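In what follows, a structure is listed as structure tokens, so that the remarks can point back to it.
There are 4 protein chains.
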Amino acid sequence: MPGSTYGQVFRITTYGESHGKGIGVVIDGCPAGIPITEEDIAIDLDRRRPGQSAIVTQRKESDTPHIMSGVFEDFTTGTPINIFIPNEDQRSKDYGHIKDAFRPSHADFTYQEKYGIRDYRGGGRSSARETAARVAAGVIAKKLLSHYGVIITAYVDQVGHISIPEENYPLSFATIEENPVRCPHPETAAKMEAFIKEVRKDGDTVGGVVSCLIQNCPIGLGEPVFDRLHADLGKAMLSINAVKGFQYGSGFRSARMRGSEHNDLFDNIDGKIVTRTNNSGGIQGGISNGMEIYFSVAFKPVATIVMAQESVDKDGNAALVEGKGRHDPCVVPRAVPIVEAMAALTLADHLLRARLAKV
Amino acid sequence: MPGSTYGQVFRITTYGESHGKGIGVVIDGCPAGIPITEEDIAIDLDRRRPGQSAIVTQRKESDTPHIMSGVFEDFTTGTPINIFIPNEDQRSKDYGHIKDAFRPSHADFTYQEKYGIRDYRGGGRSSARETAARVAAGVIAKKLLSHYGVIITAYVDQVGHISIPEENYPLSFATIEENPVRCPHPETAAKMEAFIKEVRKDGDTVGGVVSCLIQNCPIGLGEPVFDRLHADLGKAMLSINAVKGFQYGSGFRSARMRGSEHNDLFDNIDGKIVTRTNNSGGIQGGISNGMEIYFSVAFKPVATIVMAQESVDKDGNAALVEGKGRHDPCVVPRAVPIVEAMAALTLADHLLRARLAKV
Amino acid sequence: MPGSTYGQVFRITTYGESHGKGIGVVIDGCPAGIPITEEDIAIDLDRRRPGQSAIVTQRKESDTPHIMSGVFEDFTTGTPINIFIPNEDQRSKDYGHIKDAFRPSHADFTYQEKYGIRDYRGGGRSSARETAARVAAGVIAKKLLSHYGVIITAYVDQVGHISIPEENYPLSFATIEENPVRCPHPETAAKMEAFIKEVRKDGDTVGGVVSCLIQNCPIGLGEPVFDRLHADLGKAMLSINAVKGFQYGSGFRSARMRGSEHNDLFDNIDGKIVTRTNNSGGIQGGISNGMEIYFSVAFKPVATIVMAQESVDKDGNAALVEGKGRHDPCVVPRAVPIVEAMAALTLADHLLRARLAKV
Amino acid sequence: MPGSTYGQVFRITTYGESHGKGIGVVIDGCPAGIPITEEDIAIDLDRRRPGQSAIVTQRKESDTPHIMSGVFEDFTTGTPINIFIPNEDQRSKDYGHIKDAFRPSHADFTYQEKYGIRDYRGGGRSSARETAARVAAGVIAKKLLSHYGVIITAYVDQVGHISIPEENYPLSFATIEENPVRCPHPETAAKMEAFIKEVRKDGDTVGGVVSCLIQNCPIGLGEPVFDRLHADLGKAMLSINAVKGFQYGSGFRSARMRGSEHNDLFDNIDGKIVTRTNNSGGIQGGISNGMEIYFSVAFKPVATIVMAQESVDKDGNAALVEGKGRHDPCVVPRAVPIVEAMAALTLADHLLRARLAKV
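Structural data, given as structure tokens:
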């Protein structure tokens with residue numbers, strides 16, 4: 004059954020496999036009149052691209068976006084927008100060894116069982132390469148949001164045991180793109196980078212956390228009771244490869260708190276109703292309240308490691324899986340634009356949906 | 004825009020407000036042939052019901068379910084099932100004080116802004132009373148799942164700073180319903196109960212964590228790339244009132260781990276392909292792999308407290324909000340059947356969707 | 004799978020069976036701020052009600068609507084609106100004879116085959132009684148449309164071989180509700196009424212055509228390429244019991260025409276772009292163009308007749324079915340408010356959807 | 004808002020414009036395991052292709068389908084299938100004359116009003132070229148249906164005033180593809196062909212009717228109450244360019260009939276429950292009953308004619324529109340595979356949906 008579509012009114016459908024002709028996305032429901040070029044899209048794709056730095060996979064992909072429809076003279080026309088990104092560096096032979104064996108903590112086994120057939124090359128459809136299509140669509144969502152002043156910024160918060168020390172909050176975002184880790188605190192970034200290199204040397208991988216801040220979100224986004232804004236943000240994040248957890252506002256920390264310390268008191272600042280604190284994370288009753296929205300996303304360590312691992316094949320026979328292919332020692336630096344894209348797609352959808360709340 | 008519908012093929016729409024005629028749910032897409040009675044539904048509603056113990060709100064509601072359609076001679080007929088639960092103890096006058104003022108960390112402000120009108124009595128639509136409708140629908144989903152042997156068990160894992168000590172894992176579930184907290188470890192349950200009573204005496208509230216285990220889930224549930232099983236479970240949980248975070252399998256802990264320790268190696272036990280460890284939480288690539296599914300859900304402290312709190316009214320004037328009404332000092336004991344219900348609704352939906360994977 | 008939901012953003016889900024507790028509808032996605040009372044809803048229900056005149060079924064149903072949620076102090080609140088209409092005159096014993104036998108041209112056989120179980124009393128879910136729920140929802144849709152000046156008028160165009168003579172066009176609608184047939188041409192109405200009585204005396208039934216005119220529809224409603232306005236109107240009409248055909252604008256007549264006579268030339272009348280003719284029926288490329296929308300709907304003769312008919316039972320044995328129960332000799336007079344309701348629901352949905360076309 | 008998606012579980016989204024890079028379709032929800040090649044798809048595209056005979060438009064398009072994803076080693080994998088058809092013969096300069104003026108009975112005016120911008124070249128998104136994408140997707144739907152023995156055959160029934168004489172029914176389909184009109188009655192086909200040539204010589208166009216027969220449809224397809232099988236077939240047909248009407252079974256003829264002559268009596272033939280007549284058109288209560296499904300679709304004359312026509316431009320100034328470009332004198336011969344495709348897509352969707360009816 005269809006599962007490759009996200010969004011109710013700003014709706015994307017992604018397609019494509021890791022080692023097929025390419026991957027892409029069709030956006031249906033994008034309003035007419037948004038300026039967009041292939042160059043705009045390339046900017047975020049470059050932030051997600053393999054080979055962008057020494058601490059990511061060295062697979063060679065230029066990830067060049069082609070707008071195939073829906074844009075006329077550099078403006079959206081209200082009709083479906085297809086963006087296609089050809090695959091270039093398809094070393095499919097790297098994957099012959101997993102044609103029959105199941106890689107540990109990958110989707111090989113479950114795809115085989117569910118569909119009875121799978122494109123095993125590079126994980127096929129289950130490859131994180133699919134997220135390039137989301138990043139491309141996210142650029143258009145960001146363009147729509149920018150009309151309303153909404154700003155979305157994601158960054159690396161944690162790599163393995165290394166986090167930004169509490170005393171550095173609130174963060175300055177100026178340096179995020181100045182280091183390959185995309186951590187806004189330069190000293191921590193340097194430690195993270197060194198640690199990732201060490202992990203890679205071991206032929207191993209490590210997990211991390213990406214956090215995201217949304218500024219200037221209008222009041223009123225989110226549709227109770229199921230399509231709460233944070234519920235859709237959570238689903239969006241959990242749909243990204245390797246994500247294991249999501250929290251917003253006070254998150255898991257709130258479980259230890261008392262109501263009297265957690266409640267955000269309303270105040271009137273210069274005629275604008277605000278809250279004095281923001282444990283709510285900018286969302287109350289599932290609806291944005293105009294304060295900053297913030298959330299965190301936990302990524303597990305990449306499953307592909309260089310060491311040989313015991314496994315089984317389709318017939319249940321013992322098999323040894325060795326980490327060929329080229330992969331990331333830590334996924335979070337490249338996950339930053341993906342988190343932003345999924346946040347933008349969620350907000351764009353809800354921004355439009357909110358237009359229908361009143362007669 | 005519609006937001007009160009959940010599920011693609013086993014699809015529920017809830018309706019109703021805290022202090023209107025009642026609340027209810029229409030289930031469309033339930034297969035024909037499932038045995039169901041009002042008595043079946045009452046069992047889980049009683050676990051969610053106010054007044055069930057000394058540590059929950061003392062609002063008096065029998066929460067009696069009425070099957071209004073879709074069931075004939077105690078079997079589902081494949082047509083929409085409407086279950087209606089009348090409101091009984093509607094002390095609307097308790098809420099006159101919030102007609103104009105916004106309660107801190109409630110949805111009063113955001114509903115007013117979004118819709119320009121709100122039923123202020125008891126929070127109206129934003130009240131957690133709405134979840135009774137979900138529990139009722141969840142009973143039918145559980146009936147469907149029980150045909151396939153699926154067992155869903157939620158329990159309280161943490162209240163404030165009190166958690167079940169690690170050494171008691173794996174847990175025995177036998178005693179969950181024997182204490183008012185619904186914690187499977189009796190000693191911890193006693194501590195939690197005492198703590199909740201203490202918090203209530205202070206006129207305060209406290210947060211907590213509910214965890215859930217799903218056993219015997221068939222292989223193949225979950226629809227890549229967006230409707231991953233855990234993404235839909237996450238959305239389902241985040242759509243419950245007061246939830247601030249969701250993690251499954253290794254969760255946020257995975258961010259600190261290395262791939263070599265996190266990967267779950269496949270094995271062949273008596274002709275069945277299993278994993279030796281289960282950091283994946285029973286889901287790989289968004290699809291169930293036949294191992295146990297487990298996840299945790301963080302609940303913030305209830306926003307209604309007895310103490311007076313500063314706030315503002317619709318016009319931005321200062322206002323003092325006092326905690327009248329009758330509310331829970333800690334929501335997690337009553338949240339256990341809600342978490343189970345949302346898990347059951349998600350799995351029922353995906354169980355049916357998975358029927359369409361192959362020709 | 005769910006099939007009882009109609010509409011994308013103004014979305015209704017109907018529930019209930021002919022001889023259960025009642026029938027009803029949940030409207031999710033209705034904007035906040037629309038004035039509505041139970042009395043408003045009763046007006047159109049009375050136009051659809053059994054027993055309203057001598058030429059319709061004499062089943063006794065007051066069809067009293069109860070607003071169960073979503074309305075506060077006589078205004079919609081943006082939350083789901085449940086309207087419930089209790090069944091009153093449930094002579095279920097009238098239907099014992101069809102418990103096992105299949106009535107010709109009814110849905111008994113197909114429901115039994117599809118679901119393996121059916122509520123046989125009065126056709127259960129397949130009864131046209133379900134359309135009362137649509138009429139109730141349609142009243143709210145009409146209220147929304149009236150904000151924009153949209154006027155929807157349906158009427159009986161044909162009963163059996165009797166039609167309104169061509170020379171009486173354009174029609175005056177003043178007299179539609181003055182005769183029990185709901186035909187705007189009094190002389191033709193009288194002929195139709197006499198004919199229906201004759202048919203009833205024979206224990207037989209007869210088909211007919213309902214036409215509908217939509218005035219003041221804004222330009223821009225309809226979403227290419229599949230959700231063309233007329234495609235959704237067509238689906239809406241074809242989803243009504245007993246409907247066998249739909250045509251809009253020039254309809255089937257257009258198949259005989261040449262482009263040079265069919266094309267509607269644009270003109271500028273007092274600064275407004277209009278067409279000189281209206282073969283397009285107010286819709287071009289699936290989008291409303293501001294001209295009048297008109298369409299016709301063919302209804303087959305009611306399947307329940309008084310005469311005994313040969314049939315088979317569940318086991319394939321020969322069975323004789325006799326027309327007990329109380330039914331309409333001709334369905335079109337009562338179908339008029341149903342056609343209006345489905346048109347209103349379609350337009351309300353598209354009116355809201357059209358808000359999203361531009362940035 | 005999205006309108007380019009059709010189907011609930013076998014779901015297609017088309018994209019592309021007449022004179023952009025190409026047109027295409029993404030199919031999400033196609034089950035795994037269906038054999039498919041580009042050659043299979045080309046067969047039906049050739050039946051829809053411009054330039055295939057002397058009586059259709061002479062625009063030169065090879066309409067070569069490229070499978071971009073979702074197929075591995077010639078089998079569907081259960082992941083989204085993108086089929087892309089490049090545009091080749093894009094004489095965009097032919098359309099400079101309609102950049103500002105609105106062609107009569109085209110979608111130029113409504114697109115401009117709705118979106119505020121339009122790709123005017125060849126009608127852009129509103130061009131019937133979009134239907135090539137549907138035909139491509141329809142081939143895969145047909146492959147799925149052929150697993151269950153379902154056969155879909157469309158043919159031309161009427162061109163202008165010329166119809167197949169009644170006495171030739173039931174029709175033999177052997178000769179449909181042997182004449183350029185696709186009419187199964189050779190003598191009538193010859194008359195139609197001559198008439199189309201005559202109309203073309205006049206620089207004019209003419210309408211027609213396509214009928215369709217579905218054989219071996221399983222019992223149980225169709226989801227009451229809104230997604231009745233014929234309601235979805237109707238919507239599918241009405242979503243095709245130039246369609247003005249739809250009827251199934253006895254259709255508009257039924258309005259003149261009495262119940263006693265219209266009812267289809269059940270019978271038991273060799274242990275199979277059938278109906279003696281088939282006014283129901285194979286569908287009862289919105290659900291297929293195992294008999295043949297048949298319906299007819301009315302097409303208006305193509306709006307582009309060679310003669311000059313009066314019109315207005317964007318500013319409401321008078322403008323003369325002349326029929327440049329290359330167009331069809333009569334659309335129905337090329338509409339035959341489109342009608343089949345939309346029927347196949349509807350049935351494939353419902354075939355899968357019907358799997359969910361029982362526990």
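Protein chains in written order, with this note's numbering: chain R, 4 to 362; chain U, 4 to 362; chain W, 4 to 362; chain A, 4 to 362. Glycine included, C-beta positions come from ideal geometry on N, C-alpha and C. Note that the structure is predicted; figures quoted are calculated from it, not measured.
When secondary structure is reduced to three states using DSSP, residue 149/A falls in the helix class. Residue 5/U is outside the set of residues whose beta carbon lies under 7 Å from a beta carbon in chain A. Boundaries of the beta strand (DSSP E) around residue 247/U: 246-251.
Residue 199/R: member of the alpha helix (DSSP H) spanning 189-204, first to last residue. With 16 or more other Cβ atoms inside 10 Å of its own Cβ, residue 68/W counts as buried.
In this structure residue 324/U is in contact with residue 104/U, their Cβ atoms being roughly 5 Å apart against a cut-off of 8 Å. Approximately 12 Å separates the beta-carbon atoms of residue 159/W and residue 209/W; this is outside 8 Å, ruling out the contact. Within the DSSP secondary-structure output, residue 69/U pairs in a beta bridge with 87/U. Taking 9 Å as the cut-off between beta carbons, the residues of the stretch 266-282 of chain U near chain R are 266, 267, 268, 269, 270, 271, 274, 275, 276, 278, 279, 282, in sequence order. In this structure the stretch 75-95 of chain A touches the stretch 31-51 of chain A; the number of beta carbon pairs closer than 8 Å is three or more.
As for any alpha helix (DSSP H) of minimum length 4 sitting wholly inside the stretch 248-326 of chain U, the runs are 262-265, ordered along the chain.
Going by DSSP, residue 349/W is part of the alpha helix (DSSP H) stretching over 335-356. According to the DSSP assignment, residue 16/W belongs to the beta strand (DSSP E) that extends over 14-19. Runs of alpha helix (DSSP H) with 4 or more residues, each lying fully within the stretch 91-137 of chain U, are found at 111-118, listed in chain order. Residue 46/A: member of the alpha helix (DSSP H) spanning 41-51, first to last residue. A residue is called buried when at least 16 other Cβ atoms come within 10 angstroms of its Cβ; residue 233/R meets this threshold and is buried.
Secondary structure note for residue 211/U: its beta strand (DSSP E) is the uninterrupted segment 211-218.
The C-beta of residue 85/A comes closer than 7 Å to at least one C-beta of chain R. With the rule of 3 Cβ pairs closer than 8 Å, the stretch 126-141 of chain R counts as touching the stretch 235-253 of chain R. With a threshold of 7 Å between beta carbons, residue 358/U makes contact with chain A. Assigned with DSSP and collapsed to three states, residue 6/U falls in coil, not helix or strand. Contact note: residue 221/W does not reach chain R at a C-beta cutoff of 9 Å; the least C-beta distance is about 15 Å. For residue 9/W, the number of other beta carbons within 10 angstroms of its own is at least 16, and it is reported as buried. Residue contact check for residue 35/W against chain R: a CB pair falls below 7 Å. The beta-bridge partner set that DSSP reports for residue 34/A is empty. Under DSSP, the beta-bridge partners assigned to residue 161/R are 166/R, 212/R. Nearest Cα to residue 309/R within the set 262/R, 207/R, 360/R: 207/R. Here residue 175/A is exposed. Its C-beta has fewer than 16 other C-beta atoms within 10 Å. Contact annotation: residue 214/R and residue 291/R have beta-carbon atoms that are not nearer than 7 Å.
The secondary-structure analysis by DSSP pairs residue 78/R across a beta bridge with 38/R, 75/R.
Among the residues of chain A, none has a CB under 9 Å from the CB of residue 146/R; the nearest is roughly 15 Å distant. Per the C-alpha coordinates, the member of 360/W, 352/W, 347/W, 358/W positioned closest to residue 154/W is 347/W.
Cβ neighbours of residue 278/R within its own chain (closer than 8 Å, five residues either side excluded): 267, 268, 269, 270, 292, 294. In the three-state reduction of the DSSP assignment, residue 226/A falls in the strand class. With fewer than 16 other Cβ atoms inside 10 Å of its own Cβ, residue 320/R counts as exposed. Here the alpha carbons of residue 184/R and residue 263/U stand approximately 22 Å from one another.
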